[in-house]
Structure formats: C-alpha cells, structure tokens
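Taking the UniProt record's numbering, the leading residue of the sequence shown gets 1, the next gets one more, and so forth.
Each residue gets a CB set at the ideal place from its N, CA and C atoms; glycine is no exception.
Inspection log for the structure reproduced underneath, given as structure tokens.
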Amino acid sequence: MKKVLFASVPFNKDHVTLALESGVDGIIVPEKEMAGVASLSLCTVLAAESMPVITLTEKSVEEEAVERLKKGEQVIIGHGWEIIPIENLLAQSDNVLVEANTVEEANLAFGILERGVEGVVVTADGITQLKQIIAQCKLSMGTLDLVPATVTEVRPSGLGHRVCVDTLSILKRGQGMLVGNSSAFTFLVHAETENNEYVAARPFRINAGAVHAYTQLPHDKTTYLEELSSGDEVLIVNHDGTTSIAIVGRCKTEVRPMLLIKAEVNGVEGAVFLQNAETIRVVDTKGNPISVVNVKKGDEILVRTDIAGRHFGMRIEEDIKED
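Next up, the structure:
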C-alpha cells in the first residue's frame, strides 16, 4: 500500500489535525511534540530528528543517500528531486521516501520504475492538496477494462448462501464490485444505491453474490466472498472502469433464493449466482443499474475478462479451467 506521510516541521497543530483527519499513514514532527500528537489519534508518529531531508544536488549526495538507506536509516529525499536519481535509489532500496506537495508530484513518484517509491512526504507547502493527494494515491486504484457481454441465460437456481458486503463508504450510481464464478470472468454487481417503493437505498452495500464466488480485490488479487471480513479492503469499480478502495464494515451471509446469470464475450462464457430479488442489479453498457429480475437473454451487461489462474488470490501461470 502506498504511504502518505505529513511533515509538520516547524510544528503546526492545525496542520497536524487536518492531516490526521485526512487519513495520513504517519506524522513527522519534532521529537518534543511526539507525545502530544500521539494522544490525538492512533497513527504512526515519527521524530523529524531521525528522518533527515537530503536534497539530491549532486552524485555524491545520491551515493550518500544510498549508503544510509542500505544501513537501514530513514531519510527523505527533499523537494526538487528528478526521476533518474530516484530510479537509481529504487534500484538499490525499497525504502525510498520523497517530498511531494502536489497530486502530480505524488503520482509521478509512485509511478517511477512502475513500483514507485515507498511513500511521499507532504510538507506545509502541500497542506491545501493533502486530501487530494491521499484520495488519488491511496483510494484510487487506476482503471480496469470493462467490456460488454451478451446474456445467454437467466434462471432460478434454488436456495444458497449469499454475501452482502457493507462498506464504510457511500457509493454512487454506476459503482459496484466485480464478482463471478471464475476469476477470469467477473460481472459488475451494482451497489444498492437505488430506491424503490419497498426498500430504501443502502448506498454503502453491495449484495455481491454466492459465497463461493470470486471478487476482485486491490493490487490484482482476488478472494472468495465467504472469506471477506470486517476491515478488509475491497475494490470498488465504476462503470467507466475507474477503481477505488473501500473498507468492509461487515459481511452478512444469509440463505436466499438465487439466480444463475450466464453471459458471453467473443465465445467465452462466464457465470455468476446472485440473489433473486429486485434490489440486486448488474450494469448495462451505458452505466445504468438493471435489476436481475429484469435481465433477459440477449441483454448486454458490463463484465471484466482476464486470464484464469489464481492461488490464494494471487495471479499464477497455470493450466486451469473454471466453469
């Protein structure tokens, strides 16, 4: 997980309070202020005296930074860094921190050599963009390719245990989770953002499907719905493919009547079991939620296709077929 730290040097209590409310991973303050900051929130508090800022003005300074990192010291690469020197550091250390005071700088730092730096340190000069930096770098997870699939079958399939995933986030129209019988073919199952005359909207909830189903997680991992629990991260996917992270507040597993929905993309078929209820929705190609009780053969809905092969949720290369 990408780290965003805030350095309050010289110390500014208002800035620290804003940083804690924004959800930073750690606060860097003068040592004498550490106890007071630690009493405000359960958050990592670091002493500025033990984390010197190094400005990469010449090659010898870069070499000094490498040696200090190899010794396990924590250093911060100061503002004004350039990509090539950071690449050189990343080639020799996994613990590189750099100052970044804008969303653009933070995104650049996290993209160097694809894996990016371990974390960015925002200073007082970046306090106005701190919340945006956190939203972009910690909640945004990039974009996935969603494609239209043609529904080939919809039929009742009896009773089964299904999982409702209640998150800590208020989701919007067009958002949901990717769920399917196969990790290589997942359906965009919509959040309960829509009202009807019988049930109020529950915009924090995705009635995600049967316990055995795969769901896509952040960082290119999957898990079975039955294995999700409070505190886990789940991947929220918008109809345009943009993604973000939500935290699971609770999962409710109950016996409910289920529907089997099958769909096809270029001759490849996938399936998902969803609760047979009007409030459960998939997403059409225009981003509109469509109730599973209204889905019919020939409809086009959004799915994600991939290559099969997972072991404990991690991608592997293996000859595998999932039906």
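When the Cα atoms are used, what is the spatial distance from residue i to residue j?
i: Pro10; j: Gly126; result: 14 Å
i: Asp284; j: Leu188; result: 9 Å
i: Gln132; j: Glu114; result: 21 Å
i: Leu235; j: Ser60; result: 43 Å
i: Thr123; j: Asn101; result: 7 Å
i: Arg250; j: Arg68; result: 43 Å
i: Val248; j: Glu58; result: 47 Å
i: Phe75; j: Ile54; result: Sequence inspection shows Val at residue 75; the Phe mentioned does not correspond to that position. Whole-angstrom Cα-Cα distance: 7 Å.
Would you identify the three-state DSSP class for residue i, choosing helix, strand or coil?
i: Asn238; result: strand
i: Met177; result: strand
i: His190; result: strand
i: Gly51; result: The question names Gly, yet the displayed sequence has Met at residue 51. Coil, per DSSP.
i: Phe204; result: coil
i: Val136; result: Here residue 136 is Gln; the residue named in the question, Val, does not match the sequence. In the structure shown, Gln136 sits in a helix (DSSP, three-state: H, G or I).
i: Asp25; result: coil
Identify which residue in the options has its Cα closest to the Cα of residue i.
i: Leu108; options: Lys2, Lys296, Thr223, Gly287; result: Lys2
i: Met258; options: Glu31, Ala271, Ala149; result: Ala271
i: Gly80; options: Glu99, Pro203, Lys252; result: Glu99
i: Val268; options: Phe185, Arg281, Glu73; result: Phe185
i: Leu169; options: Thr152, Ile245, Thr123, Thr17; result: Checking the sequence shown, residue 169 turns out to be Ser, not Leu. For the residues Thr152, Ile245, Thr123, Thr17, the minimum Cα distance to Ser169 belongs to Ile245.
i: Phe6; options: Leu171, Gly119, Ile261; result: Gly119
i: Glu145; options: Gly158, Leu178, Leu171; result: Sequence check: residue 145 is Asp here, not Glu. Ranking the options by Cα distance to Asp145, first place goes to Leu178.
i: His190; options: Ser182, Asp166, Val211; result: Asp166
i: Lys297; options: Leu159, His212, Gly231, Glu153; result: Glu153
For residue i, count neighbouring Cβ atoms within 10 angstroms of its own Cβ and tell me buried if that reaches 16, exposed if not.
i: Ile27; result: buried
i: Val147; result: exposed
i: Glu82; result: exposed
i: Thr243; result: buried
i: Leu97; result: buried
i: Arg155; result: exposed
Short of 8 Å in beta carbon distance, which residues of its chain neighbour residue i, apart from the five on each side in sequence? Order them along the chain.
i: Thr279; result: Glu192, Glu194, Asn196, Val199, Asn207, Ser291
i: Glu254; result: His161, Arg162, Cys164
i: Val66; result: Asn88, Leu89, Gln92, Ser93
i: Glu62; result: Leu56, Pro85, Asn88, Leu89
i: Phe110; result: Lys2, Gly116, Val117, Val120, Cys137
i: Val265; result: Val147, Pro148, Ala149, Thr150, Phe185, Val303, Thr305
Going by beta carbon distance, what residues of the same chain come within less than 6 Å of residue i, once the five residues before and after it are set aside?
i: Arg256; result: Arg162, Gln275
i: Ala106; result: Ala100, Val120, Ile133, Cys137
Can you name, in chain order, every residue of its own chain whose Cβ lies under 7 Å from the Cβ of residue i, other than the five neighbours on each side?
i: Val103; result: Gln129, Gln132, Ile133, Gln136
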